Amino acid sequence: MDSLKIDNLTVTIDNKTILEDFNLEVKSGEIHAIMGPNGTGKSTLTKVVMGDPNYKIKKGHIYFNDIDITKMKVDGRARLGLFLGMQMPMEIEGVSNADFLRTALRSKEDNFKLYSFIKELDENVTKLKMDKEMIHRGINEGFSGGERKKNEILQMHILKPKVVMLDEIDSGLDVDSLKLVGQSVMEYYQKQKPAILLITHYQRLLDYIKPDYVHIMSDGKIIKSGDASLVKIIEEEGYDKIKESSASVRHEK
Amino acid sequence: MKNKMMNKINIVDGNITEILDDSVKISKANTMTDIVQIEINVLKDTDLTIIYQNAHKMKFDITIKMAKNISCNIYELKLQGKYKISYNYVLNENSLVNIYKIHDVEKINEMTVIHLAGEKAKLNYLLKTISTDKEKYDVMVYHKAKNTISEIINNGVNIKEGSLKFEVSSFVPKNNIDCILAQNNRIINLTNHKCEIRPNLFIDENDVIASHSAHIGKCNDEEMFYLMSRGITMKEAENLIIKGFLLKGLTEYKDEWEKIIDKYWR
């Protein structure tokens, strides 16, 4: 059983507080969805957990299986099993997807086998309906928004992380690609039983990836948690109303 | 080096040998000084490779003339040695030249003057260099006719005792309409030594499309984060980015260049 635990985390960038006293635990086999209005710190959360050095942790800790990774560098966290499917994946010219993935896998696995790698890569490229030629192009070079998101999912399949964070993996995807990506994530979930943390704005992704827990974030913290039925309440009432009722509950307390 | 091209000129220790068909004519000046003078005339569509090796205390003065209505790829490899070299390119009407330059030298001071002399002449220029000592490149492009196009890309990685300088100047006089010119210069400086880029556009005509960019810095932080977020160490991530940067845009001699890159970043 693997677990990612975020303990009382406060994070700033340029002296502005983005996350405040943030707490969350995600265990193997659990799917957590974080929803919330723009600018509430959802993407920051995933970047901080991954180890983005641009953010300053003022207090609190991040644990992976009771190992304090708060000060660990990003590559160390990734080798432990953390993965972030990014909202806007970088384009890196000249570095081919194949070279990149091979290097990443070699960094992670002592027993790297080239033939198995090529076979698995080929299978996943086919399943995700990606152009096979893309794998020899520069990382995300000339890729559409949807192709970039599929490339993130491809990397997840190859690297087999224990904790999967997907930051708005649904943005830029058309209806068919959304279904394909959603089903691909669930296929990985069924096989590997990772801990999954999804950031999304829309219910449509959750039609395919069924969360066990839904959290609503506002002003850098979780203001409400519940099961998948919370998504329906968000759709009906909107974030503002939930935020107001959450504030009045806190006030009454 | 493999003999990939039909047309090939080797300049080793100042001695010139060539394998050329009827698309390229070469004339060498018989000089008693330490200046090597060469004139190359490209007469038909072709590819030409020029390999320089082990130049020491020698100066090169090279003129390359392109006939009308032809296209040519020129691949230049400069390896070892200290170079002082001046180029003079003349592109006549409707000629196209793609220049690919790969440099792994000790020191170099290179001056390139390009004359886009005839209408619709087009130049694509790509330099890749690994700078370990003083390297200075001046490129001057004269759009002497209407509807001419130039794209200059200078890419260098500065290491060890290197200090690298690119100065690129493009000129368009009044009335030479419909010209397109682009400059793209980037240095990844892995030292504390000074590197410099001076991109200049001297344009005296309104009906022109022009752009220039200059960037000096370490490897891009966001690219590093992306690669490292997949478990790749900082050193490996840097190696991948540099290798990609140095290989991007090259079509030939990639294997040879990759071996050279591996010497520095393995």
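Chains as they are written, first to last, in my numbering: chain A, 7 to 259; chain B, 31 to 296.
All C-beta atoms in this analysis are idealised placements derived from N, C-alpha and C, irrespective of residue type, glycine included.
The structure presented is a predicted model; accordingly, all values stated were derived computationally and were not measured.
Distance between residue j and residue i (C-alpha atoms, nearest Å)
i: residue 233 of chain A; j: residue 186 of chain B; result: 54 Å
i: residue 145 of chain B; j: residue 68 of chain B; result: 17 Å
i: residue 142 of chain A; j: residue 130 of chain B; result: 22 Å
i: residue 243 of chain A; j: residue 158 of chain B; result: 58 Å
i: residue 252 of chain A; j: residue 169 of chain A; result: 29 Å
i: residue 64 of chain A; j: residue 25 of chain A; result: 10 Å
i: residue 288 of chain B; j: residue 23 of chain A; result: 46 Å
i: residue 31 of chain B; j: residue 214 of chain A; result: Residue confidence is low: residue 31 of chain B scores 41 on pLDDT, short of 50, so the model does not pin down where it sits. No coordinate-derived value is stated.
i: residue 128 of chain B; j: residue 76 of chain B; result: 11 Å
i: residue 167 of chain A; j: residue 87 of chain A; result: 4 Å
i: residue 235 of chain B; j: residue 209 of chain B; result: 9 Å
i: residue 101 of chain A; j: residue 295 of chain B; result: 14 Å
i: residue 206 of chain B; j: residue 174 of chain B; result: 7 Å
i: residue 301 of chain B; j: residue 44 of chain B; result: The requested residue 301 of chain B is not part of the displayed model; chain B covers only 31 to 296.
i: residue 147 of chain B; j: residue 204 of chain B; result: 15 Å
i: residue 113 of chain A; j: residue 284 of chain B; result: 25 Å
i: residue 117 of chain A; j: residue 270 of chain B; result: 21 Å
i: residue 82 of chain B; j: residue 132 of chain B; result: 10 Å
i: residue 108 of chain B; j: residue 184 of chain B; result: 15 Å
i: residue 125 of chain A; j: residue 163 of chain A; result: 13 Å
i: residue 74 of chain B; j: residue 56 of chain B; result: 14 Å
i: residue 239 of chain B; j: residue 160 of chain B; result: 31 Å
i: residue 78 of chain B; j: residue 21 of chain A; result: 58 Å
i: residue 49 of chain A; j: residue 221 of chain A; result: 14 Å
i: residue 34 of chain B; j: residue 282 of chain B; result: Residue placement at residue 34 of chain B is flagged as unreliable, the pLDDT there being 45, under the threshold of 50; the coordinate-derived value follows with that caveat. About 9 Å.
Residue i - containing beta strand (DSSP E), residue span
i: residue 235 of chain B; result: Premise fails: residue 235 of chain B is in no beta strand (DSSP E) and is neither H nor E.
i: residue 73 of chain B; result: Here residue 73 of chain B belongs to no beta strand (DSSP E), and DSSP marks it neither H nor E.
i: residue 208 of chain A; result: Run containing residue 208 of chain A: none; DSSP gives neither H nor E here.
i: residue 212 of chain B; result: 209-219
i: residue 116 of chain A; result: Here residue 116 of chain A belongs to no beta strand (DSSP E), and DSSP marks it neither H nor E.
i: residue 122 of chain A; result: Careful: residue 122 of chain A lies outside any beta strand (DSSP E), inside the alpha helix (DSSP H) at 120-133.
i: residue 201 of chain B; result: 193-202
i: residue 298 of chain B; result: Only positions 31 to 296 of chain B appear in this structure, which leaves residue 298 of chain B out of reach.
i: residue 141 of chain B; result: 137-146
Cβ shell of residue i (< 6 Å), same chain only, five flanking positions each side left out
i: residue 30 of chain A; result: 12
i: residue 153 of chain A; result: none
i: residue 150 of chain B; result: 124, 177
i: residue 212 of chain B; result: 181, 241
i: residue 143 of chain B; result: 118, 170
i: residue 228 of chain B; result: 197
i: residue 126 of chain B; result: 101, 152
i: residue 145 of chain A; result: 98, 101, 103, 106
i: residue 140 of chain B; result: 115, 167
i: residue 59 of chain A; result: none
i: residue 279 of chain B; result: 156
Proximity below 8 Å, CB of residue i to CB of residue j
i: residue 37 of chain B; j: residue 51 of chain B; result: yes
i: residue 165 of chain A; j: residue 89 of chain A; result: yes
i: residue 176 of chain A; j: residue 186 of chain A; result: no
i: residue 259 of chain B; j: residue 78 of chain A; result: no
i: residue 167 of chain B; j: residue 195 of chain B; result: yes
i: residue 91 of chain A; j: residue 171 of chain A; result: yes
i: residue 18 of chain A; j: residue 53 of chain A; result: no
i: residue 223 of chain A; j: residue 42 of chain A; result: yes
i: residue 80 of chain A; j: residue 255 of chain B; result: yes
i: residue 96 of chain A; j: residue 286 of chain B; result: no
Close-in-space but distant-in-sequence residues of the same chain around residue i (CB under 8 Å, 5 per side omitted)
i: residue 162 of chain B; result: 136, 189, 190, 191, 192
i: residue 219 of chain A; result: 36, 37, 38, 39, 231, 232, 233
i: residue 140 of chain A; result: 103, 131, 149, 153, 157
i: residue 87 of chain B; result: 64, 112
i: residue 223 of chain B; result: 188, 191, 192, 193
Limits of the alpha helix (DSSP H) - the one that residue i falls within
i: residue 182 of chain A; result: 181-198
i: residue 48 of chain A; result: 48-56
i: residue 292 of chain B; result: 284-294
i: residue 82 of chain A; result: 80-86
i: residue 221 of chain A; result: First-last for residue 221 of chain A: 219-224, but that is the beta strand (DSSP E), not the alpha helix (DSSP H).
i: residue 163 of chain A; result: 151-165
i: residue 265 of chain B; result: 264-277
Cβ shell of residue i (< 7 Å), same chain only, five flanking positions each side left out
i: residue 138 of chain A; result: 131
i: residue 16 of chain A; result: 23, 25, 26, 27, 64, 65, 66
i: residue 209 of chain A; result: 237, 241
i: residue 108 of chain A; result: 123
Would you list, in chain order, the members of the segment 158-172 of chain A that have their beta-carbon closer than 7 Å to a beta-carbon of chain B? 161, 165
Under 9 Å (Cβ pairs) to chain B, residues found in the segment 99-121 of chain A: 99, 100, 101, 102, 105, 106, 107, 109, 110, 111, 112, 113, 114
Check each residue of the segment 252-264 of chain B: if its Cβ is closer than 8 Å to any Cβ of chain A, include it; give the result in chain order. Taking 8 Å as the Cβ-Cβ cut-off against chain A, the residues of the segment 252-264 of chain B that qualify are 252, 253, 255, 256, 257, 258, 259, 260, 261, 262, 263, 264.
At a Cβ cut of 9 Å, what residues of the segment 180-201 of chain A count as close to chain B, listed as they run along the chain? Residues passing the 9 Å Cβ filter: none.
Using Cβ-Cβ distances below 7 Å, what residues of the segment 34-62 of chain A are close to chain B? So the close ones are 56, 58.
Mind listing which residues of the segment 200-219 of chain A have their C-beta closer than 8 Å to chain B's C-betas, in chain order? none
Under 7 Å (Cβ pairs) to chain A, residues found in the segment 234-247 of chain B: So nothing in the stretch comes that close.
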